[in-house]
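Taking UniProt numbering, the leading residue of the sequence shown gets 1, the next gets one more, and so forth. Cβ atoms here follow ideal geometry from the backbone N, Cα and C, with glycine treated the same way. Notes for the one structure printed next.
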Amino acid sequence: MSALPATNGHSDGFGGGAMAPPQNLEAEQSVLGAVLLSDTSLPALIIDERLNPEDFYRESHGRIYQAMLDLHGLGEPVDALTLVEHLKQAGDLDSVGGAAAIELLAGSVPAVGNLRNYARIVKENAMLRRLLHAAYDIQATVHNHEALPRDLVDMAERSILEVAHEDSRKDFRSAEQLLDAELDKLQKLSLEGNPMTGTPSGFEDLDTITGGFQPGNLIILAARPSMGKSALMVNFAENAALASNKAVALFSLEMGEGELAQRFIASQASIKGDDLRKGRVPQSRWGKILAASGRLAESKLFVDDSSDLSILDVRAKCRRLAQQTADGLGLILIDYLQLMRAGGNVENRVEQIGMISRGLKTLARELEVPVIALSQLNRGVEQRQDKRPVLSDLRESGAIEQDADLVMFVYRDDYYDQESEREGLADLIIAKHRNGGLGTVELTFQKEFPRFMTYVPDDRY
């Protein structure tokens with residue numbers, strides 16, 4: 001990272017210039033001094049102001065604040081005596097200026113009652129320094145010709161979102177506030193008589209169980225290869241886009257945009273995918289193709305086929321898309337979870353997948369949008385006599401099962417048994433449903449397109 005001036009882990013000038021970075025040492029001293037005079041104020045700093053040791057410009061101030069947090073965590077009182085002793089035992093007393101520096105802090109507070117105002121000043125300056133870090137990184141990348149302009153825009157958005165995300169945590173809401181909001185929603189649903197409370201999947205039997213894909217939910221769609229999970233994802237995307245004015249964002253880390261476009265056309269126009277790819281479509285069918293393309297073109301379906309994506313990338317792109325569309329974002333789909341980049345320095349694959357699944361859940365909550373992520377299953381499924389998937393088959397991490405609100409498996413018996421009596425049928429197994437029932441939804445699978453359709457048995461007529 002390029003140099004930014006700040007004593008707490010940074011250098012002392014703006015790229016070597018004379019301008020000082022955003023800081024207020026008096027506010028930092030006042031925060032620390034006020035805590036020494038009244039340690040009952042610490043919870044307000046931690047919870048309400050979200051003040052961290054890294055927010056202090058002067059490194060010694062950050063160390064002192066960390067020592068205060070340590071004492072508070074141990075249930076010990078925080079005053080000049082206990083703080084000096086704690087710093088001494090940690091070997092940090094000399095580095096913060098000794099006992100004399102601690103004593104001076106207690107006398108540097110204009111008014112203890114203004115503690116939260118002092119803390120906000122410290123926090124705001126820290127956020128400004130982090131924004132400058134992002135600016136310097138971008139500036140260095142531009143001068144070194146290390147990235148394309150479009151990539152620089154994404155880099156800038158990610159950096160700014162990282163700063164903004166630090167201040168996005170929620171606090172308590174009273175039972176009255178929660179119930180008022182929920183009762184209004186429930187009364188509206190009752191008056192409308194519409195059981196669809198989320199984004200429709202386009203499959204009647206599935207929507208009957210789920211009420212649609214719910215805002216803030218992480219939905220995992222998993223299957224062994226060649227079961228059709230990507231085809232079902234395409235169906236979910238096009239069905240949601242055609243049924244709503246809200247935008248649908250599809251991130252395809254496996255298929256390119258050309259292949260996806262062909263799948264959309266084949267599905268909507270009922271044209272065999274192989275015929276479409278090989279140019280074997282008679283002129284008489286082009287009317288259907290153009291009509292299907294026109295319907296999709298008018299929808300708010302957006303595709304990103306970047307092959308290297310992290311949670312921050314997805315968050316930045318989805319926020320931008322939500323701002324650009326009048327009705328907001330209705331659904332996010334990712335194909336597939338194991339191809340995403342975890343970020344950070346974690347090398348253990350299980351931990352990486354856990355970070356990704358938690359990140360996707362956080363994304364769903366943060367944007368209040370359902371997120372559907374495709375996932376692989378362990379090869380152990382193939383070794384069993386009964387090859388219908390179960391939750392323990394989710395590949396590489398139990399965190400996927402834990403983070404998901406809804407887990408669905410695609411299973412086709414005719415894939416394993418060519419003489420199966422259930423040829424052309426697929427089971428969509430709802431194996432986990434945090435807010436509803438479990439079950440199996442039967443779908444018709446038309447491999448030639450490929451697409452899934454609502455299964456209609458003969459006895460319905």
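- As computed with DSSP, residue 437 is found in no beta bridge at all.
- Look at the stretch 208 to 248 and you find these whole runs of beta strand (DSSP E), each 3 residues long or longer: 218 to 222.
- In terms of Cβ geometry, residue 266 and residue 276 form a close pair [threshold 7 Å].
- Taking the CA atoms as reference points, residue 361 sits about 42 Å from residue 88.
- By the 16-neighbour rule on beta-carbons within 10 angstroms, residue 104 is exposed.
- The three-state reading of DSSP puts residue 359 in helix, counting H, G and I together.
- Residue 239 counts as buried, since at least 16 other C-beta atoms from the protein chains shown sit within 10 angstroms of its C-beta.
- The stretch 243 to 260 makes no contact with the stretch 434 to 443; the number of CB pairs closer than 8 Å stays below 3.
- Distance from the CA of residue 63 to the CA of residue 333, rounded to the nearest whole angstrom, comes to 43 Å.
- By the neighbour-count criterion, in which 16 or more other beta carbons inside 10 Å mark a residue as buried, residue 350 falls on the exposed side.
- Note that the stretch 23 to 36 touches the stretch 95 to 112; at least 3 beta-carbon pairs, one per stretch, sit closer than 8 Å.
- In the three-state reduction of the DSSP assignment, residue 76 falls in the coil class.
- Per DSSP, residue 264 lies in no beta strand (DSSP E); the unbroken alpha helix (DSSP H) holding it starts and ends at 257 to 269.
- One alpha carbon belongs to residue 363, the other to residue 301, and they sit about 19 Å apart.
- Between residue 199 and residue 216, the C-beta spacing is not below 7 Å.
- For a cut-off of 8 Å, the C-beta gap from residue 293 to residue 415 is around 31 Å, too long to register as a contact.
- One Cα belongs to residue 427, the other to residue 204, and the distance between them is close to 14 Å.
- Measuring C-alpha to C-alpha distances from residue 157 to each of 423, 321, 93 and 278 identifies 321 as the nearest.
- Around the beta carbon of residue 123, 16 or more other beta carbons lie within 10 angstroms, which makes this residue buried.
- Here residue 332 is bridged, per DSSP, to 249 and 371.
- In the structure shown, residue 92 adopts coil according to DSSP, grouped into three states.
- In this structure, the alpha-carbon of residue 330 lies about 46 Å from that of residue 39.
- Apart from sequence neighbours up to five positions away, the residues of its chain that approach residue 423 with a beta-carbon distance below 7 Å are 414, ordered along the chain.
- Setting aside the 5 residues that flank it on each side, residue 299 is surrounded in the same chain by 241 and 242, each with a C-beta closer than 7 Å to its C-beta; the list follows chain order.
- Taken through DSSP and simplified to helix, strand or coil, residue 426 comes out as strand.
- In the DSSP assignment, residue 445 forms a beta bridge with 452.
- Pairing residue 448 with residue 272 gives a Cβ-Cβ distance under 7 Å.
- The C-beta separation of residue 129 from residue 22 comes to about 6 Å, placing the pair in contact by the 8 Å criterion.
- Under the three-state reduction of DSSP, residue 65 is assigned to helix.
- Counted as a single uninterrupted DSSP element, the alpha helix (DSSP H) harbouring residue 105 occupies residues 98 to 106.
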